[in-house]
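See below for the structure under consideration.
In the working numbering, the protein residues as written are 59 to 354.
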């Protein structure tokens, strides 16, 4: 029993006390340390009762008078430890009951057509319910009748304190202007979001048009290159060009390279291959060209 109880009942309040001490919160420290002290005392007392119930064989017997004296000390210490906890528990239960009854009273009795509770403060110790109302002013006679109903909710000797804004009636014009302003601001935000989205779509369309034009120009340029190559080497039947990025282990920076595949009826000599490569470098404007050949 002591081992399990120490792990489950003593460590959490001890950790909380350390946290309160580290953050300078003395209320948290003393509250958690008192809980630790209560748990420690009652764990020891429970162990004492359990040992007495089991009644194991005694190694050395003491006098009955001394045993009764020790038991009186133990019971007195446990009782003194229990008194503050009973007081705190009673205060906590009383406060919770007061808050529950006060909230029930406010929800049922403090409901008005053109007036609303903006703030409420409950104090079980002072037995007060303090509320702040906004909207149409409630006359004193009506508030007095409402206050008399406190006793029916188990809130006898409780004082109801009401603060009102002093507004006699709601300003409909101001309310209407406020609502119209909110609607206008909401519409403005929606317009800005849609306008930004439209501008983004227009930018994407312009970019796609530019890419389309570039692709068309690239296709025309490749057709010219192919026609020029066929004029030099009539055996060429097909040519494919593609720019790529070449990564090498020796160099950290990637380099661009032109990949060219030529399909021809006959093979090219080494000299022809070198001339084609040199011509492509000048014609396309690149430094690196990789050629490959095949037959149809």
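Ideal Cβ placement from N, Cα and C applies to all residues, glycine included.
For residue 325, collect the residues of the same chain with a Cβ closer than 8 Å to its Cβ; drop the 5 residues on either side in sequence, then sort them by chain order. Taking the first residue of the chain shown as 1, we reach residue 325 at position 267. Answer for residue 325: 351, 353, listed in chain order.
DSSP puts residue 351 in a beta bridge; with which residues? As a working mapping, residue 351 is identified with position 293 in the chain shown. Answer is 320, bridged to residue 351.
Going by the C-beta, is residue 242 closer than 7 Å to any heavy atom of the ligand NAP? The ligand NAP is not part of this structure, which contains no ligands at all.
Quick one: using the 10 Å Cβ neighbour count with 16 as the cut-off for buried, is residue 94 buried or exposed? The residue you call residue 94 lines up with position 36 of the chain shown. By the neighbour-count rule (16 or more Cβ atoms within 10 Å), residue 94 is buried.
What did DSSP end up calling residue 184 once you bin it into helix, strand or coil? For the purposes of this step, residue 184 is taken as the residue at position 126 of the chain shown. Residue 184: coil per DSSP, three-state reduction.
Distance check for residue 260 and residue 252, CA to CA, integer angstroms please. If you number the chain shown from 1, residue 252 lands on position 194. If you number the chain shown from 1, residue 260 lands on position 202. Their Cα atoms are separated by approximately 12 Å.
Output the distance between the C-alpha atoms of residue 140 and residue 212, rounded to the nearest integer angstrom. Numbered from 1 along the chain shown, position 82 holds the residue referred to as residue 140. Numbered from 1 along the chain shown, position 154 holds the residue referred to as residue 212. Rounded to whole angstroms, the gap between the alpha carbons of residue 140 and residue 212 is 29 Å.
Collapsed DSSP secondary structure at residue 346 in the structure displayed: Mapped onto the chain shown, residue 346 falls at position 288. Note: residue 346 maps to coil in three-state DSSP.
Residue 192 versus residue 219: straight-line alpha-carbon distance, rounded: Your numbering for residue 192 matches position 134 in the chain shown. Your numbering for residue 219 matches position 161 in the chain shown. Cα-Cα distance, rounded: 14 Å.
Helix, strand or coil at residue 216 according to DSSP, with G and I counted as helix: Counting from 1 along the chain shown, the entry for residue 216 is found at position 158. Residue state, collapsed to three classes: coil.
Note the first and the last residue of the continuous alpha helix (DSSP H) segment covering residue 151. Within the chain shown, the letter at position 93 stands for residue 151. Element bounds for residue 151: 122-167.
Any contact between the stretch 135-149 and the stretch 160-171? By contact I mean 3 or more CB pairs, one from each, below 8 Å. Here the stretch 135-149 makes no contact with the stretch 160-171; the two share fewer than three CB pairs at distances below 8 Å.
Report back the beta-carbon spacing between residue 151 and residue 99 to the nearest angstrom; my notes put them in contact at under 8 Å. Position 93 of the chain shown, counted from the first residue, corresponds to residue 151. Position 41 of the chain shown, counted from the first residue, corresponds to residue 99. Actually they are not in contact, since the Cβ atoms of residue 151 and residue 99 sit about 22 Å apart, beyond 8 Å.
With a cut-off of 8 Å, do at least 3 Cβ pairs link the stretch 167-178 to the stretch 192-204? With the cut-off at 8 Å, the stretch 167-178 and the stretch 192-204 touch.
Going by C-alpha distance, which of 297, 215, 206, 202 is nearest residue 183? If you number the chain shown from 1, residue 183 lands on position 125. Of the candidates 297, 215, 206, 202, the one whose C-alpha sits nearest the C-alpha of residue 183 is 215.
At the level of alpha carbons, what is the spacing between residue 130 and residue 75? For the purposes of this step, residue 130 is taken as the residue at position 72 of the chain shown. For the purposes of this step, residue 75 is taken as the residue at position 17 of the chain shown. Rounded to the nearest angstrom, the two C-alpha atoms are 31 Å apart.
Considering only C-alpha positions, which residue in the set 311, 306, 109, 280 is nearest to residue 296? By one-based count along the chain shown, residue 296 stands at place 238. When each option's Cα is compared against that of residue 296, the closest is 280.
Taking all protein chains shown into account, decide if residue 71 is buried (16 or more other Cβ within 10 angstroms of its Cβ) or exposed. Working through the chain shown from its first residue, we reach residue 71 at position 13. Per the 10 Å Cβ criterion, buried.
DSSP-derived helix/strand/coil call for residue 295: In the chain shown, residue 295 corresponds to position 237, counting from 1. Three-state result, residue 295: strand.
Using the three-state DSSP reduction, which class does residue 306 fall into: helix, strand or coil? As a working note, residue 306 is residue 248 in the chain shown. Secondary structure at residue 306: coil, using DSSP grouped into helix, strand and coil.
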